[in-house]
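Residue numbers (my numbering): 55 to 215.
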């Protein structure tokens with residue numbers, strides 16, 4: 055894929071899947087203290103949501119986050135990889151839950167004999183864990199992960215709002 059192709063790929067919207075756009079541009083939040091929960095949700099979505107090479111749209115819905123008080127950075131002992139983290143800055147552990155929504159291109163669903171309006175699946179992550187950290191560039195990043203429950207398939211895309 056050429057750089058031009060990559061740029062076009064990165065600009066895809068959720069419209070192809072009948073869904074909202076994925077959050078793929080992270081806000082540059084530079085506050086000294088942990089941002090409010092709504093901002094943390096945006097940062098988690100930014101890390102997790104994507105349009106992959108298999109033409110699937112991955113969205114995070116029903117996101118609930120609880121953040122801990124600051125604690126020292128544990129370096130390699132951290133639960134998850136924290137790219138660009140400033141090991142001199144404290145980390146906030148996260149716990150919560152969310153729902154993965156994975157949508158396939160409706161055209162591909164139709165070709166396979168399925169209902170193109172029911173092109174998504176949902177899988178609940180009840181015990182999500184993660185962290186928020188300050189990067190060496192002075193911005194916040196957050197990520198969460200956890201085991202997914204059984205997938206519900208043949209569902210419509212989530213509301214676009």
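Where is the CB? At the ideal position from N, CA and C, for every residue including glycine. Being a predicted model, the structure only gives us computed values, none of them experimental.
With three or more C-beta pairs closer than 8 Å as the rule, is the segment 133 to 142 touching the segment 103 to 119? Cβ pair count under 8 Å is below three, so no.
Beta-carbon within less than 6 Å of residue 157's beta-carbon, same chain only, minus the 5 sequence neighbours each way: which residues are those? 71, 73, 111, 173, 174, 211
Comparing the CB of residue 97 with every heavy atom of the ligand GDP, is any distance shorter than 6 Å? What this structure holds is no ligand at all, so the ligand GDP is not there to describe.
Anyone know if the C-beta pair for residue 155 and residue 176 falls short of 7 Å? yes
Taking residue 185 and residue 151 to be in contact with their CB atoms under 8 Å, please state how far apart those CB atoms are, rounded to whole angstroms. Contact doesn't hold; Cβ gap of about 16 Å is too wide.
Note down, one range per segment and in chain order, each alpha helix (DSSP H) of at least 4 residues found wholly within the segment 65 to 120. Taken in chain order, the unbroken stretches of alpha helix (DSSP H) that lie wholly in the segment 65 to 120 and span 4 residues or more are 91 to 102.
Best match in 145, 178, 203 for proximity to residue 87 [C-alpha to C-alpha]: 145
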